Structures are given as structure tokens and as C-alpha cells.
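Chains as they are written, first to last, in this note's numbering: chain A, 1 to 217; chain B, 1001 to 1217.
Glycine included, C-beta positions come from ideal geometry on N, C-alpha and C.
The structure presented is a predicted model; accordingly, all values stated were derived computationally and were not measured.
Everything on this sheet refers to the single structure shown next.
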């Protein structure tokens, strides 16, 4: 029955999912400063987000502030972190251990957001069989076999552009159901595979363009 | 006169700036495969973007395909890379050399997109005075003095949440006019400072949410 579906498992609007981590970062900071309550007006001022928008976003969590007092900071931080999945353990593999993939393998900060990278895959003979900060690197051809025994939730795709779709197909065949795509390629997958695109190079294009436009003003 | 403003220095719509790197990745791949011409219909099929949208996006570059033949692949790749600023040299500093900042310092791939990281800044005594893959790390208090002599274009912000605004103020005071913000904090700057936000943790929230929603279907 649709009514019993928890909000956690609803597909939330992407703008809401982008704002919730801002709220979390802010209330975690307040929590460290031992602030006990926070109003949506305060959050609104700190983050330049409309306060009715904040109330609407937070209503997805079934959390409500008290009149005049606002939200309880510590429990709001906890609820937000849980809701966003940051307190769970998600097992991930990095496919393509080049400069970006290697950097992600070394970013221990990701584990604080619920992401544990448990293996890397590549084709480079100088990498296969080695490890990076303790995480083993295997040959990509062993992915399906590895996945059968180890069950990763997420594949982080950081391969060269020309291999992006081919490797995506290997990931899909292995049974991994979510791909975090760091390549600038529009990869194609069956509908039941989740894709999130993070093209940091596209963000560079945005900065360069805005810098030039600003300099012209 | 507004008419003499080149399109390069126009503030382009963000969705266009997000799509142009997809086109670039695709035509660069075709170029490596020695394909000579490509039509917007072909690009459309490969990337699942409407072909009229592609023609509109590419019109910002003053580049037009020929009827029946399409675009010349090599020159389209070159024009796109130039237009996006990927063939220029932008000098950047990384502020906050923790796990993410350190990872960015090590990502040599960024230089292929026109970004040269020339220095890092931190407060950690075990980092200050050292270097990472040849890039020197200085104390954050030396930023203004360093910038006066070295003139970076972009500050990459990767500090802990609680220092994000304070360090942003130091960056602004130093005279750097663009900030690539990797923190989940909504930083505030004067209007003439360009900000681009890349919260990779927000993308994780999106993946987790979509995974759960997909698993429920």
C-alpha cells in the first residue's frame, strides 16, 4: 500500500536533496557550539534560503519545529543525517583508479557520509594486485565474480571517456544497482539502475564563464 | 558597446554550461576515432539530448553545422574546449589540505581542463612548509601576502564546515575573485566574487535517496 511507504524511501525532489545537506552542515555546527534550539528564520538568514522553503523541505522528514522555540538542534542534526543516509554504511567500488579515482579512494571524508570504498578496479597492470591506503585494486574483468561474493551497493565511475559506456555495461551486468558517474559522458543503463552525475569539469566550465562575465561588468 | 561583447564573456545559462562538456567529451572521442563529421542528430542519439537543444547550445559558440554534413568534428572539439576555458591556464590555490583538498591537489586531471593548482594553504603545523606532489603548502595567514605576489585566479575551498565563512572572508580580502566551494556551507561573498558550489556529499544524498526509491518499485 502506498500509504505505508516511508518518506525515507520516497524519491524526493532533487532541489530539496541539495538543500538538506546545507541544513545539516549548519545545524551540526550549531550543535558543536552547544546551541539548543534553532528557528527556521535563523536557518533562513544563515543560508539565504526562504524560511517557508525550509519548513517545506523539513516536512519530508516528519519533523516539526515548536512555535516560538523552533527545532531542537541535536535531534534535527541526527534526523537529517539519518534521513540523508549518511549514518548508514554503503559499500562502494571505484572503477578506474587514475588521478580522480585514486583521489576518491584516498578521501577518507566520504566514510563520514556513509560511503565505504571497499575495492578499486582498473586494467593498468601496475595497479592491479596492489592497494591504495589499504583498499585492494583488482582487474576490471574480475568485477562480476567479485560482486557475486562481495555485494557492493554503488560503483563510482572514474574511467577515461572512451571506456565509460563499456565499463557501465560491465557494472550493470555485475548486478550493481547504482552508479556515481564522475565522467563527462552521458552513460546509459536500464531503468532500475540509479545514476548520479558529478562532472566536476562541468563545474569548472561554469566558474570560468562566470569569472569572465563578472570581469566584464 | 554591448554588441562587441564576445559570446565567450557572456554569462551563459547554467544548463547549457552543463551540457557543453558532454558534447566536448563525445566529439573528442569521435576525433580520436578519426570521424570527420557529426550531425546534431547523431550527437542527440548518443547523449539523449534533443537535437534542437544541441543546435541552440552550440549557437552560443557561433558555430554552425553544414546542411546534410553536420559539424566538422576536429574543429568542433577545439572550439568547444577553447570556449569552455579548458585550453587556458587558470591559477588556483587549495585552501584546506585535508582528505578532499589533498585529493584535489593530487588530481593531475584538472590541468587538462585548464586548472593549475599552484599552492595549498592550511593551518596544520605538520602540513605547513611541506609540499604535496611538488605543490607547496603555506599557512593560511600568509594568503594575502602570497596572493599579492602570485595572483591566483581561483580559490578551491575544502576546509571544515566551521571555518568555511571565516576562510571565505580571508580569500575575499586577499583579492581572489572566484571561489570553488567544496564545503556543504552556503558561503557569502560580495557580488563581484564568483562562487561555484560542488558539494559531492549532496550528490551522495541524491544517490542514496534514488537507490531506496528504486528498490521500492
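- One thing to note: residue 24 of chain A has its Cβ no nearer than 8 angstroms to the Cβ of residue 57 of chain A.
- The criterion of a C-beta distance shorter than 8 angstroms is satisfied by residue 1153 of chain B and residue 1178 of chain B.
- Residue 157 of chain A and residue 67 of chain A have their C-alpha atoms some 46 angstroms from each other.
- In the DSSP assignment, residue 63 of chain A is bridged to no other residue.
- Rounded to the nearest angstrom, the gap between the Cα atoms of residue 131 of chain A and residue 137 of chain A is 5 angstroms.
- At least one CB of chain A lies nearer than 8 angstroms to the CB of residue 1028 of chain B.
- The C-beta of residue 28 of chain A has 16 or more other C-beta atoms within 10 Å across all chains shown, which makes the residue buried.
- Taking 3 residues as the minimum length, the beta strand (DSSP E) runs contained wholly in the stretch 157-198 of chain A are 178-181 and 194-197, in order along the chain.
- DSSP places residue 1115 of chain B within a strand segment (E or B) once states are collapsed to three.
- At a cut-off of 8 angstroms between beta-carbon atoms, residue 107 of chain A makes contact with chain B.
- Two segments are said to touch when three or more pairs of C-beta atoms, one from each, lie closer than 8 angstroms; by this definition the stretch 70-79 of chain A does not touch the stretch 144-151 of chain A.
- For chain A, the residues of the stretch 1143-1159 of chain B that bring a beta carbon within less than 8 angstroms of one of its beta carbons are 1153 and 1154, in chain order.
- Here the C-alpha atom of residue 1195 of chain B lies approximately 7 angstroms from the C-alpha atom of residue 1181 of chain B.
- Classified as exposed, residue 1089 of chain B has fewer than 16 neighbouring CB atoms from the shown chains inside 10 Å of its CB.
- Shown here for residue 1133 of chain B: same chain residues with a beta carbon closer than 7 angstroms to its own, the five before and five after excluded, namely 1105 and 1106 in chain order.
- Residue pairing from DSSP places residue 72 of chain A in a beta bridge opposite A/37.
- In the structure shown, residue 1120 of chain B falls within a strand segment according to DSSP collapsed to helix, strand and coil.
- Within chain A, the residues placing a beta-carbon under 7 angstroms from that of residue 1198 of chain B are 200 and 203, ordered along the chain.
- The beta carbon of residue 1114 of chain B lies closer than 7 angstroms to those of 1085, 1086, 1087, 1088, 1089 and 1090 in the same chain, with the five residues before and after it left out.
- When 7 angstroms is used as the limit between beta carbons, residue 14 of chain A is near these residues of chain B: 1206, in chain order.
- Neighbourhood of residue 113 of chain A in chain B, by CB distance below 7 angstroms: 1201 and 1204, in chain order.
- Counting every other CB atom within 10 Å of its CB across the protein chains shown gives residue 174 of chain A a total of 16 or more, marking it as buried.
- Look at the stretch 1020-1045 of chain B: the residues with a C-beta under 8 angstroms from a C-beta of chain A are 1020, 1021, 1022, 1024, 1025, 1026, 1028, 1029 and 1032.
- Residue pairing by DSSP places residue 1087 of chain B opposite no residue, since no beta bridge is assigned to it.
- Here the alpha carbons of residue 1011 of chain B and residue 1083 of chain B stand approximately 12 angstroms from one another.
- Listed along chain A, the residues sitting closer than 8 angstroms to residue 1184 of chain B by beta-carbon distance are 21, 22, 24 and 25.
- Neighbours of residue 1047 of chain B in chain A, taken as residues at a C-beta separation under 8 angstroms, are given in chain order as 186.
- Using a Cβ-Cβ cut-off of 8 angstroms, residue 1177 of chain B counts as an interface residue toward chain A, since at least one Cβ of chain A sits closer than that to its own.
- Per the coordinates, the alpha-carbon of residue 1197 of chain B lies some 22 angstroms from the alpha-carbon of residue 30 of chain A.
- Taking 8 angstroms as the CB threshold, residue 1087 of chain B stays off the interface with chain A.
- For residue 1015 of chain B, the enclosing alpha helix (DSSP H) stretches over residues 1014-1032.
- Between residue 37 of chain A and residue 63 of chain A, the CB-CB gap reaches or exceeds 8 angstroms.
- Residues of the same chain with a CB within less than 6 angstroms of the CB of residue 1016 of chain B, apart from the 5 flanking positions on each side, are 1057 in chain order.
- Judged by beta-carbon spacing, residue 1189 of chain B lies beyond the 8 angstroms limit of residue 1161 of chain B, meaning their Cβ atoms are not closer than that value.
- In this structure, residue 80 of chain A places its C-beta atom within 8 angstroms of the C-beta atom of residue 61 of chain A.
- For residue 99 of chain A, the enclosing alpha helix (DSSP H) begins and ends at 99-106.
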